[in-house]
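In the UniProt record's numbering, the protein residues as written are 1 to 302.
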């Protein structure tokens, strides 16, 4: 669990380093998806798992890949151009709040318990406190909205995947590998709209995006699957609470990021709100890959 939290929580650090080294958000997205897909393809092949072959499953995978991989990965890159990696990790933790709102508005969850309602209110109060729209010179621009949009995209993906993919007969690793393959295709198609001339990405940037793709996207799903099998989905879900702590700690230690009292208070409110909103609700999926057909866990990563 500690290794899993470290790998997932460090994703925001690797994104920041890749951006600082000259890579664009779109190029980071393409490489991340491709490397993650490669890792899962190798693991699926080693386990004797085959990719889905029916057109219907692939059509659902394309939609899931857009909302769960291609779009949020791109938005995280855009957001971290102006927002510290630690704050990005905390804003990503709002995903369960958006998932709960979608569940209530779509009718899949009738009514909402007072504790979870309090969690929603605290979580959004913390987000507003971090954003501080009333304070000139605060976290402004496109960074925070992009990061929040990524969290919403994850929430939309969870609802779609639960409806259309969670009971597919395809083995979990193969299904996840297929989803990241679709995400690679989607993001590659968008390459002509991105910057054509990179300012010579540094070795650090290339190493960061390689770690992000191989470890932060591919290996983490495999570890998550093992944790679900060994400890159960409820225990696996608790990893999500550690990710913002890891992202903030690494941002401060490695990048020297500093956060003031207002932002720290907002972070605490977000984490407490997420904890309350997720009470008696551990059925969310890993946001970077497709959920296992039999059992799934809840985590929020970049």
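Every residue gets a Cβ at the ideal spot worked out from N, C-alpha and C, and that includes glycine.
Asked                                                                                                          : Found
Reduced DSSP category for residue 265 - H, G, I as helix; E, B as strand; rest coil                            : helix
Beta-carbon separation (whole angstroms), residue 386 vs residue 7, contact threshold 8 Å                      : As displayed, the chain neither begins before 1 nor continues past 302, which places residue 386 out of reach and without an answer.
Beta-carbon spacing of residue 41, residue 129 below 9 Å                                                       : no
DSSP state of residue 179 mapped onto helix, strand, coil                                                      : helix
Segments assigned alpha helix (DSSP H), at least 4 residues, entirely inside the UniProt domain "EamA" (3–131) : 11–20, 25–46, 55–65, 71–79, 85–92, 95–106, 114–131
Whole-angstrom C-beta distance between residue 212 and residue 32, which should lie under 8 Å                  : 5 Å
Status (buried if at least 16 other CB within 10 Å, exposed otherwise) for residue 66                          : buried
Proximity winner among 122, 193, 178, relative to residue 267 (alpha-carbon distances)                         : 122
At least three beta-carbon pairs within less than 8 Å, the segment 245–260 to the segment 87–97                : yes
Inter-stretch contact (C-beta, 8 Å, three-pair minimum) for the segment 72–79 and the segment 23–37            : yes
Sufficient close CB pairs (3 or more, under 8 Å) joining the segment 177–194 to the segment 41–55              : yes
Unbroken alpha helix (DSSP H) run spanning residue 144, endpoints                                              : 143–164
Exposure of residue 337, with buried meaning 16 or more beta-carbon neighbours within 10 Å                     : Look at the range of the chain in this structure, 1 to 302, and you will see that residue 337 is not part of it.
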